[in-house]
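Please read the structure below before turning to the comments.
Number of protein chains: 2
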Amino acid sequence: MSQVRVIGIVGGGQLGRMLTLAAKQLGFHVVVMNPEGNSPAAQVGADEIVADWYDGKKLAQLADAADVITVEFEHLNADALAAVEATGKPVHPAPSTVRLIQDKYEQKVFLNQHKIAIAPFVKVESLPEARKALKKFKGKMLLKTRHGAYDGRGNALIRNTNDLKRAWVQFQGKALYAEGFVPFSKELAVMVARGTDGKIKTYPIVETIHKRNICVEVRAPAVISIAARKKAENLAKKVAKQLKGAGVFGIEMFLATDGKVLVNEIAPRVHNSGHYTTEATHTSQFEQHIRAITGLPLGDTSMRVPAAVMINILGERNGETVVTGLEAALQLPQVSVHLYGKAPTKIDRKMGHITATGKNVTEARKRATLARRRMGI
Amino acid sequence: MSQVRVIGIVGGGQLGRMLTLAAKQLGFHVVVMNPEGNSPAAQVGADEIVADWYDGKKLAQLADAADVITVEFEHLNADALAAVEATGKPVHPAPSTVRLIQDKYEQKVFLNQHKIAIAPFVKVESLPEARKALKKFKGKMLLKTRHGAYDGRGNALIRNTNDLKRAWVQFQGKALYAEGFVPFSKELAVMVARGTDGKIKTYPIVETIHKRNICVEVRAPAVISIAARKKAENLAKKVAKQLKGAGVFGIEMFLATDGKVLVNEIAPRVHNSGHYTTEATHTSQFEQHIRAITGLPLGDTSMRVPAAVMINILGERNGETVVTGLEAALQLPQVSVHLYGKAPTKIDRKMGHITATGKNVTEARKRATLARRRMGI
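Order-wise, the sequence lines are chains Z and X.
No gaps in the numbering here: position 72 of the first sequence is 1502 in the working numbering, and each next residue is one more.
No gaps in the numbering here: position 305 of the second sequence is 1735 in the working numbering, and each next residue is one more.
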């Protein structure tokens, strides 16, 4: 069935790089489209078309060069992606899914329509509406931009009218919505894969830790009750069934203090919270995505080690990329370091990640934390 | 300590490819020298110098471009490699080790000198000497070429004077030696890593299966007695201590029917019998080699799954590379398929490999065997 030889990826960053590696292992050729040349994906042998995310012409060129198109990033030209699909070229996930996810408000409406548990939310188009929302949400809410938000950019916690005024200036000119603040004990995530045949496989539920709104750490598996795990798994499957197109999806969730599990956000692609799968599950999220979009059967998503912890290597300064402490980090057992080949380094830029495995999350965490502490970039 | 940025590899085949992937993950740049362009290593982002294995000038060019030189293949210009080392550029393993291993007879002399258990052997420079050897070895011996032999090329089993005459014609003009035939119950192999600091780590002992003198299957761990395992481990460490230079070495052994373990052959590099480590041990042989030659600490060599079986995907015909049955193979759980991007396919050419993991060797073997049977190339 799989007649795919060339895979086209919109985006050649670290996700495109790890997708390229998985694709090459299975014998596929890869072309990426990326705003800058010598992308992390090109460095591992992907052909490269240098073009802006929204360049529809270059996207059509990418489509001409490939048998199937996928994305590593959702903030792109969804119309151009839909035009590619209209020519009969397979696009995974479906452009309609990408478009839905581009607008976080529409995403919430969609989840709500499909009776998927989420935090209460409301559209806000004026400051008075925002004030009304803050009242409705009992004085604590999140104001979020509808478009272009990722890695926590475009989120503001609002606890009073001063917060609101500040955020209103910050987000000036942007379409917004507000979300009731749900007190939560943990943030969870799960990768879900869907094949072209509609079959669904879920990865283990993991716990994610965010700092400055960026995912910094992932603990696999999440140490939560069986009941919470079941809820999270069922939610993930329910979401995956509603989305169109094949591939891997990242679903971020909250474990609320009242025990409820709510979906926060969906990523229509491989995701930072799934990096641990390279070392820790029988099929990595990257190979799984390649299998899914090329019509190959989905692989085993179970863990092959008891536990794993992933910690991002975020840039610590702005300037030339200089890695320090690799030797010290690798002195620790069961520690894998992944560097993405990005230059220059920038504060909070995702430059690499560390995955440590161990007999439990505590052991893996110790190793990963210590390894990260020993490195600089 | 590690000031290496660019790694030069003599050879860009599947071993060079998997070394390149490991090097890139750790942030190194790679240049390979390979007799043909678009090598498997170049396909995953290595820069490439196209040159014959014995081209000393191009080897010097490779050395100029790199901070450390290593090899994926030992049948190369050892003098040129030594000349590179003489300029002060680190070469791993040491050119003297490569030269030693190029001559299988000298290799045996060396092992014998260091009191490492091997089969009895004798140099043969004429047909009468060969007849004498056959008598000495009680009518059953192996006649082997001293140079350029790999994947079993250059070995002949001699049981009578007719066999001898045929082999003598076949090997005409080649330097030869003879080895007494030792009845064995299993063929074993072990990968050993040695750091630039002299530290040694051994991988699990595996069982290797050969057909037509080519390694076709590797079972990890080898199902052997504790006593045999200890003997094999000790032998491997003893060998590694005697070899010069850092890196990973493959040591092939026989488990004789009398319970003795004998060293058969050494590969001064990553080896087919270590491919299973990518899925099955905490540090793959490829990452380990990169760590070793760049002065990084050696990684954990223990298994992260109970068992793994690797089966080579050897070419089944001569012609255009067309992979069939990938979909059917990937329907099996815990099966990883690695394709090397080689073209054309040739009978018995190493085109890829399959590694299956499982709760024991029997389960892993079933999966790997079935997956291999479902594929064609």
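C-beta: ideal position from N, C-alpha, C; glycine also.
is_contact[residue i, chain X] using C-beta, thresh 9 angstroms
i: Asp-1730 of chain Z; result: yes
i: Val-1739 of chain Z; result: no
i: His-1705 of chain Z; result: no
i: Thr-1787 of chain Z; result: yes
i: Gly-1475 of chain Z; result: yes
i: Glu-1750 of chain Z; result: no
i: Arg-1721 of chain Z; result: yes
i: Lys-1668 of chain Z; result: no
i: Ile-1505 of chain Z; result: One detail in the question is off: residue 1505 of chain Z reads as His in this sequence, not Ile. Judged by the 9 angstroms Cβ criterion, His-1505 of chain Z is not in contact with chain X.
i: Pro-1651 of chain Z; result: no
i: Pro-1520 of chain Z; result: no
i: Ser-1615 of chain Z; result: no
i: Leu-1744 of chain Z; result: no
i: Arg-1734 of chain Z; result: yes
i: Leu-1573 of chain Z; result: no
i: Leu-1511 of chain Z; result: no
Cβ-based neighbour list, residue i, same chain, cut-off 7 angstroms, excluding 5 preceding and 5 following
i: Lys-1386 of chain X; result: Shown here, chain X extends from 1431 to 1807; a query on residue 1386 of chain X therefore has no answer.
i: Thr-1792 of chain X; result: none
i: Ser-1732 of chain X; result: Thr-1711 and His-1712
i: Ala-1670 of chain Z; result: Val-1622, Arg-1624, Ile-1630 and Phe-1679
i: Pro-1634 of chain X; result: Ala-1650, Pro-1651 and Met-1733
i: Leu-1541 of chain Z; result: Ile-1548 and Val-1693
i: Arg-1804 of chain X; result: Gly-1755, Ala-1758 and Ala-1759
i: Ala-1516 of chain X; result: none
CB contact below 9 angstroms: residue i versus chain Z
i: Gln-1715 of chain X; result: no
i: Thr-1638 of chain X; result: no
i: Glu-1757 of chain X; result: yes
i: Gln-1672 of chain X; result: no
i: Leu-1800 of chain X; result: no
i: Pro-1727 of chain X; result: yes
i: Met-1431 of chain X; result: Here the model assigns Met-1431 of chain X a pLDDT of 43, short of 50, so the residue's position is not dependable and the matter cannot be decided.
i: Ser-1766 of chain X; result: yes
i: Val-1480 of chain X; result: no
i: His-1712 of chain X; result: yes
i: Val-1753 of chain X; result: yes
i: Pro-1763 of chain X; result: yes
Where the beta strand (DSSP E) containing residue i begins and where it ends
i: Asn-1742 of chain X; result: 1737–1744
i: Ile-1439 of chain Z; result: 1436–1440
i: Ser-1615 of chain X; result: 1614–1624
i: Lys-1641 of chain X; result: 1636–1641
i: Asn-1464 of chain Z; result: 1459–1464
i: His-1768 of chain Z; result: 1765–1769
i: Asp-1477 of chain Z; result: 1477–1480
i: Glu-1609 of chain Z; result: 1606–1610
Range covered by the alpha helix (DSSP H) that runs through residue i
i: Leu-1449 of chain X; result: 1444–1455
i: Thr-1527 of chain X; result: 1525–1532
i: Ala-1486 of chain X; result: Just to set this straight, residue 1486 of chain X is Gly in the shown sequence, not Ala. Per DSSP, Gly-1486 of chain X belongs to the alpha helix (DSSP H) from 1486–1495.
i: Arg-1804 of chain Z; result: 1791–1804
i: Arg-1721 of chain X; result: 1715–1723
i: Val-1599 of chain X; result: 1591–1600
i: Ile-1669 of chain X; result: Residue identity check: residue 1669 of chain X is Val in the sequence provided, not Ile. Taken as a continuous stretch (DSSP letters only), the alpha helix (DSSP H) holding Val-1669 of chain X covers 1656–1672.
i: Glu-1757 of chain Z; result: 1756–1760
i: Glu-1559 of chain Z; result: 1557–1566
Own chain residues within Cβ distance below 8 angstroms of residue i, not counting five before or after
i: Ala-1508 of chain Z; result: Pro-1525, Val-1528, Arg-1529 and Gln-1532
i: Glu-1709 of chain X; result: Val-1735, Ala-1738, Ser-1766, Thr-1785 and Thr-1787
i: Glu-1750 of chain X; result: Ala-1773, Pro-1774 and Thr-1775
i: His-1719 of chain Z; result: Leu-1449, Ala-1452, Thr-1500, Ala-1623, Gly-1677, Val-1678, Arg-1699 and Val-1700
Same chain only: Cβ atoms within 6 angstroms of residue i, ignoring 5 sequence neighbours per side
i: Lys-1413 of chain Z; result: The structure shown does not extend to residue 1413 of chain Z, since chain Z is modelled only from 1431 to 1807, so the question has no answer here.
i: His-1522 of chain X; result: Thr-1500, Gly-1675, Ala-1676, Gly-1677 and Ile-1723
Examine the Cβ distances between the stretch 1737–1751 of chain X and the stretch 1783–1801 of chain Z and report whether three or more of them are shorter than 8 angstroms.
These segments do not touch.
Using 8 angstroms as the Cβ pair cut-off and three pairs as the minimum, do the stretch 1660–1677 of chain X and the stretch 1614–1623 of chain X touch?
Contact between the stretch 1660–1677 of chain X and the stretch 1614–1623 of chain X is present, because at least three Cβ pairs lie under 8 angstroms.
Near-chain X residues of the stretch 1768–1795 of chain Z (beta-carbon distance less than 8 angstroms), N- to C-terminal order:
Hits within the stretch, in order: His-1768, Leu-1769, Gly-1771, Gly-1782 and Thr-1787.
Contact set between the stretch 1440–1473 of chain X and chain Z, restricted to residues whose Cβ is under 7 angstroms from the partner:
Listed in sequence order: Leu-1451, Lys-1454, Gln-1455, Leu-1456, Gly-1457 and Gln-1473.
Are there three or more Cβ pairs, one per stretch, closer than 8 angstroms when the stretch 1595–1607 of chain X is compared with the stretch 1639–1647 of chain X?
Counting Cβ pairs under 8 angstroms, fewer than three are found: no touch.
Check whether the stretch 1479–1497 of chain X touches the stretch 1694–1714 of chain X, taking contact to mean three or more Cβ pairs, one atom from each stretch, closer than 8 angstroms.
No: the two stretches stay apart, fewer than three of their Cβ pairs being nearer than 8 angstroms.
Given 8 angstroms as the limit, is there contact between the stretch 1459–1472 of chain Z and the stretch 1436–1446 of chain Z, that is, 3 or more CB pairs closer than that?
Touching, yes.
Within the chosen definition, does the stretch 1796–1804 of chain Z reach the stretch 1675–1689 of chain X through at least 3 CB pairs nearer than 8 angstroms?
Contact between the stretch 1796–1804 of chain Z and the stretch 1675–1689 of chain X is absent, because fewer than three Cβ pairs lie under 8 angstroms.
Against chain X, which members of the stretch 1483–1498 of chain Z pass a CB distance test of less than 7 angstroms?
Correct list: empty, as no residue qualifies.
Would you call the stretch 1556–1568 of chain Z in contact with the stretch 1600–1609 of chain Z, where contact means no fewer than 3 C-beta pairs closer than 8 angstroms?
They touch, by the three-pair rule.
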